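Add 48 to the 1-based position in the sequence shown for our numbering, that's all there is to it.
These notes are about the structure you will find just below.
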Amino acid sequence: MNRRPQAVDLLAIGLGGALGALMRWGAGQATPNADGFPWTTFAINVVGCLLLALLPRVVTTGRAALFLGPGLLGSFTTMSAASEEGRALLADGDLVIALAYLTATLLAAVLAVALATPRRRLER
Numbered sequence: 049m050n051r052r053p054q055a056v057d058l059l060a061i062g063l064g065g066a067l068g069a070l071m072r073w074g075a076g077q078a079t080p081n082a083d084g085f086p087w088t089t090f091a092i093n094v095v096g097c098l099l100l101a102l103l104p105r106v107v108t109t110g111r112a113a114l115f116l117g118p119g120l121l122g123s124f125t126t127m128s129a130a131s132e133e134g135r136a137l138l139a140d141g142d143l144v145i146a147l148a149y150l151t152a153t154l155l156a157a158v159l160a161v162a163l164a165t166p167r168r169r170l171e172r
């Protein structure tokens with residue numbers, strides 16, 4: 049049975065979330081999109097998915113997992129940012145770029161998770 053979260057658990061998630069949001073904002077400030085393709089958000093979401101998939105190999109339980117998983121990486125990677133950038137591209141009339149961006153984001157995120165997922169060896 050799952051235990052009820054304690055205030056310190058929520059604090060760990062909140063602090064991680066604040067840090068992840070600041071990291072996302074900082075990355076956007078450091079590398080603005082210049083060519084019409086939202087590369088920064090694309091990279092953030094793919095790298096974040098990879099790290100989130102690798103996290104259980106490093107930290108499986110406890111407050112560190114809460115801080116890093118739903119906190120830091122959960123706020124660092126957001127589909128809402130990708131969806132908004134796709135909508136903005138469509139509003140600007142960039143149908144091909146919008147579809148390429150949204151499709152590439154989904155495929156690259158799934159590939160990143162697949163690469164981070166341990167494989168079982170086939171036993172003979």
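Heads up, the beta-carbon is just placed ideally off N, CA and C, and yes, glycines get one too.
Quick caveat, the model's predicted, so the values are computed rather than measured.
Tell me which residue opens and which closes the alpha helix (DSSP H) that residue i is part of.
| i | result |
| --- | --- |
| Gly-82 | The sequence as given places Ala at residue 82; Gly does not occur at that position. Looking at the DSSP string, Ala-82 is not in any alpha helix (DSSP H), and its letter there is neither H nor E. |
| Val-161 | 143-164 |
| Pro-104 | 87-106 |
| Gly-110 | 110-114 |
Helix, strand or coil for residue i per DSSP?
| i | result |
| --- | --- |
| Gln-77 | helix |
| Asp-140 | coil |
| Arg-167 | coil |
| Arg-51 | coil |
| Asp-57 | helix |
Assuming residue i contacts residue j under a Cβ cut-off of 8 Å, what Cβ separation, rounded to an integer in Å, is found between them?
| i | j | result |
| --- | --- | --- |
| Ala-101 | Val-107 | Ala-101 to Val-107, Cβ: 13 Å. No contact. |
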